[in-house]
Amino acid sequence: MSLIAVIGGLFVFLPEVVLKRWLKPLVAFAAGSLLGGAFFHMLPHAMSKAGPGGPVMLWVVIGFAGFFALDQLLEWHHCHRPPSEHVRPLGPLLLVADGVHNLLGGLAIGSIFTVDIRAGIAAWIAAALHEIPQEIGDFGAIVHAGYSRRRALFYNFLSALTFPLGGIIAYGIGQSIDVHFLIALGAGSFLYIAGADLIPEVKRSERLRETGLRFAFFVLGVALLYAARIFRFG
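Below, the structure is given as structure tokens:
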């Protein structure tokens, strides 16, 4: 994911007309892929690992609520700063929040790799597709907070290093304990990001053609993750 953070930052240097044209469809594609990853890969694995009567849905709700709380904390911190302080303090908070987000993502996806490598790859692809538009937004916000583009790219890269750290931790504990709860937590986070963050950004458009393009990219994201499931099971 560190490489994805760099790629997302480099997207900001593209011509504005290119970003404006394709960023929203890419966000819709990421939303579809996250939902596909949660429903077609993560939840089935969590349920199969937990067995009948396992508290999978409880962990999904906890994961969803945890990311909602993290999102609200970030919004609250920003809104309750005096106008003169809106710029600099937001940068470190964004980096910390992004680091926590990446750590949790690494834990969730790393736990899937301990169960099924191909399912882990599918979940990683879904997360990576979401990361590109997110990193573009994070990079822009960090630059707005007063950092140079070079420093923003560097700090964004550092915050992304928590993703492989989470994967290593998940792999380590996955050898000794049942990791279904981590997979379910990850599914909850995927559902929150797709439903609360990404879809609201792309559901409104003034032009019917643009609306159709975004929906097509959303369906494509879902379909690709479903195809990955079909391929995995034959």
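Numbering (this note's numbering), first residue to last: 1 to 234. Each residue gets a CB set at the ideal place from its N, CA and C atoms; glycine is no exception. All values derive from a computational prediction rather than experimental measurement.
Asked                                                                                                     : Found
Alpha carbon of Ser148 to alpha carbon of Val60, nearest angstrom                                         : 38 angstroms
Touch test, the segment 46–61 against the segment 199–218, Cβ-Cβ under 8 angstroms, three pairs minimum   : no
Of the residues Arg118, Thr114 and Ser159, the one placed nearest His101, counting alpha carbons only     : Ser159
Touch test, the segment 151–166 against the segment 106–115, Cβ-Cβ under 8 angstroms, three pairs minimum : yes
Nearest candidate by alpha-carbon position, reference Val202, set Gly188, Ala187, Tyr226 and Ala31        : Ala31
Same chain only: Cβ atoms within 6 angstroms of Phe40, ignoring 5 sequence neighbours per side            : Leu225, Tyr226 and Arg229
Meets three-Cβ-pair contact criterion under 8 angstroms: the segment 213–224 and the segment 13–29        : yes
Assigned secondary structure, Pro15 (DSSP; H/G/I helix, E/B strand, else coil)                            : coil
Residue range of the unbroken alpha helix (DSSP H) whose run includes Tyr155                              : Arg149 to Ala160
Which listed residue (Ser33, Leu104 and Leu35) has its alpha carbon closest to that of Gly66              : Leu104
Where Pro89 sits in the DSSP three-state scheme                                                           : Any reading at Pro89 is ruled out, since the residue's pLDDT is 49, under 50, leaving its predicted position unreliable.
Contact under 8 angstroms by Cβ, Met42 with Phe190                                                        : yes
Pairwise C-alpha distance: Val18 and Gly63                                                                : 35 angstroms
The alpha helix (DSSP H) enclosing Ser189, as first and last residue numbers                              : His180 to Tyr192
Asp116 - DSSP class collapsed to helix/strand/coil                                                        : coil
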